[in-house]
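Chemist: Handing you this structure, nothing more for now.
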Amino acid sequence: MQNTIALGVPVYFKIHTMLRIPVYNAACPRSKEPADLEALLATRIPVITVGSISLEKQGGNRAKAYRSDPETGLSLNSFGLPNRGLAYYEKYLPAFIEKARIRRKKVRASIVARHPREFAALVRRLRHLGVDQIEVNVSCPNVWDGKIQKGIIAFSPALLCRVVVSAGRAARGFPLDYKVPPYSDPGLLARVATIFNAAPGVRAVVTANTFPNAWSRKTGLAGLGGSPFRAIVLGQVVQFRKLLRPGIRVVAIGGVSSPEHVREYRAAGAAEVQVGTQYFEQGARVFARLNRY
Ligand code: RRO
5 MQNTIALGVP VYFKIHTMLR IPVYNAACPR SKEPADLEAL LATRIPVITV
55 GSISLEKQGG NRAKAYRSDP ETGLSLNSFG LPNRGLAYYE KYLPAFIEKA
105 RIRRKKVRAS IVARHPREFA ALVRRLRHLG VDQIEVNVSC PNVWDGKIQK
155 GIIAFSPALL CRVVVSAGRA ARGFPLDYKV PPYSDPGLLA RVATIFNAAP
205 GVRAVVTANT FPNAWSRKTG LAGLGGSPFR AIVLGQVVQF RKLLRPGIRV
255 VAIGGVSSPE HVREYRAAGA AEVQVGTQYF EQGARVFARL NRY
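Position one of the sequence shown corresponds to residue 5 (the numbering used here), numbered consecutively onward.
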């Protein structure tokens, strides 16, 4: 540490790697039901994610939605956005937010939609409910219209721009987070970073949603996450941290199953870490272990 200061090399970086950063649940089917959310109130996580929430209730793809491999830590999902819809959460959230406040926790709503105007409506209505943070999910890989699979919003810079502008206007200064897919093209990642850098109200970029269209017999085409995904997300974190303006935080999600993984993400530049697969599989108790980093 002394050498670091004496040499004048990134003292900020050294301090950053010593600080505790928030670790909390990712949006997933276990972040939507009251029983699961109440269980999170009893943990020590500082933020509780609720969602992803869409305008209308969605049944999802119950029959064959999830597969995991305990040996490799791989997960595949084709959940299909199951959630109770915004009207339900408008009734449920005010009391839940009160309970979270008493426990000094923030409530974070994750929202998912197809069109810029739908994102704007979700932002407007959730902001009025008093949530602390809003995560705009522009990266769901499992959207189908009958047999036609829909594209992923944040792979299209033009469409992403429209969502950022619409959601940003509806937010009226309330800072927004954006959850993006993994980018294998560094040029596209850089364009996406430029879009966020130019938008005034972006608090954080959440990287990454699951890798689209992996496949297993059980799930069909499905988003891939879990341990094998971690090295890819570390690369995304490093690239986004380099390209985003300093005021935008990088939130990492992908394959966290031990405190060491939190430290790795923090060293790569993440300011927060979310837990998806391990939380989905083990529930709230996973955080007792993961918070020892
Ligand atoms: O519900 C899902 O199928 C789903 C969503 Br909304 C998402 O953002 N990411 C994912 O892997 N699955």
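From the three backbone atoms N, C-alpha and C, an ideal C-beta is built for every residue, glycine too.
Going by DSSP, what residues sit across from serine 72 in a beta bridge?
Modeler: Your numbering for residue 72 matches position 68 in the sequence shown. Paired residue(s): Ser79.
Chemist: Measure the C-alpha to C-alpha separation of proline 232 and valine 241 and round it to an integer number of angstroms.
Modeler: What you label residue 232 is simply residue 228 of the sequence shown in a count that begins at 1. What you label residue 241 is simply residue 237 of the sequence shown in a count that begins at 1. C-alpha separation (whole angstroms): 16 Å.
Chemist: Which residues in the same chain have their Cβ closer than 6 Å to the Cβ of glutamine 282, if we skip the five residues on either side of it in sequence?
Modeler: Locating residue 282 in the sequence shown gives position 278, where the first residue counts as 1. Excluding positions up to five away in sequence, the list reads Ser261, Val290.
Chemist: In this structure, does DSSP put valine 116 in helix, strand or coil?
Modeler: Walking along the sequence shown from the start, residue 116 turns up at place 112. Strand, per DSSP.
Chemist: I need the straight-line Cα distance from asparagine 7 to proline 250, nearest angstrom please.
Modeler: In the sequence shown, counting from the first residue as 1, residue 7 sits at position 3. In the sequence shown, counting from the first residue as 1, residue 250 sits at position 246. Here asparagine 7 scores only 46 on pLDDT, less than 50, and its place in the model should not be relied on; the value that follows carries that caveat. Going from the Cα of asparagine 7 to the Cα of proline 250 covers about 25 Å.
Chemist: Looking at the strands, I want to know which residues DSSP matches up with valine 277.
Modeler: Here residue 277 is taken as the residue at index 273 of the sequence shown, counted from 1. Answer is Val27, Ala256, bridged to valine 277.
Chemist: In whole angstroms, give me the CA-to-CA distance for leucine 85 and proline 263.
Modeler: Residue 85 sits at position 81 when you count from the first residue of the sequence shown. Residue 263 sits at position 259 when you count from the first residue of the sequence shown. Spanning the two alpha carbons is a distance of roughly 29 Å.
Chemist: Grab me the residues of proline 216's own chain with a C-beta within less than 7 Å of its C-beta, minus the 5 sequence neighbours each way, in chain order.
Modeler: Translated into positions along the sequence shown, residue 216 becomes position 212. Cβ within range, chain order: Pro145, Ile156, Pro185, Gly227.
Chemist: For glutamate 139, list the residues DSSP reports as bridge partners.
Modeler: For the purposes of this step, residue 139 is taken as the residue at position 135 of the sequence shown. DSSP, once it has assigned bridges, lists Ser114, Asp181 as partnering glutamate 139.
Chemist: Under 8 Å, with one C-beta from each stretch per pair, do the stretch 122-131 and the stretch 50-70 reach the 3-pair mark?
Modeler: Touching, yes.
Chemist: Measure the Cβ-Cβ separation of glycine 230 and glycine 77 and say whether it is below 8 Å.
Modeler: To locate residue 230, count along the sequence shown from 1; it is residue 226. To locate residue 77, count along the sequence shown from 1; it is residue 73. Closer than 8 Å, so yes.
Chemist: Quick one: grab the DSSP three-state call for threonine 198.
Modeler: Within the sequence shown, numbered from 1, the residue matching residue 198 stands at position 194. In the structure shown, threonine 198 sits in a helix (DSSP, three-state: H, G or I).
Chemist: Out of Ala99, Phe284, Ile138, Glu75, which one is the CA nearest neighbour of alanine 175?
Modeler: Residue numbering aside, residue 175 sits at position 171 when the sequence shown is read from its first letter. Comparing Cα positions, the closest option is Ile138.
Chemist: Is proline 232 near ligand 3, going by C-beta to nearest heavy atom under 7 Å?
Modeler: Among the ligands present in this structure, namely ligand 1, ligand 3 is not found.
Chemist: Is there contact between the stretch 32-51 and the stretch 271-287, where contact requires at least three CB pairs shorter than 8 Å?
Modeler: With a cut-off of 8 Å, the stretch 271-287 and the stretch 32-51 count as touching, because enough Cβ pairs lie within range.
Chemist: Go ahead and label aspartate 181 buried or exposed: buried means 16 or more other beta carbons lie within 10 angstroms of its beta carbon, across all protein chains shown.
Modeler: For the purposes of this step, residue 181 is taken as the residue at position 177 of the sequence shown. Result: buried.
Chemist: Taking DSSP as the reference, what is the three-state secondary structure of aspartate 149?
Modeler: Residue 149 sits at position 145 when you count from the first residue of the sequence shown. Looking at aspartate 149 - three-state DSSP - the assignment turns out to be strand.
Chemist: Helix or strand or just coil, what does DSSP make of isoleucine 49?
Modeler: Against the sequence shown, residue 49 aligns to sequence position 45. Isoleucine 49 falls in the coil class under three-state DSSP.
Chemist: How big is the Cα-Cα spacing for glutamate 42 and arginine 112?
Modeler: For the purposes of this step, residue 42 is identified with residue 38 of the sequence shown, where counting begins at 1. For the purposes of this step, residue 112 is identified with residue 108 of the sequence shown, where counting begins at 1. Cα to Cα, glutamate 42 sits roughly 14 Å from arginine 112.
Chemist: What does DSSP give as the partner residue(s) for asparagine 295 in the beta ladder?
Modeler: If you number the sequence shown from 1, residue 295 lands on position 291. In DSSP, asparagine 295 forms no bridge with anything.
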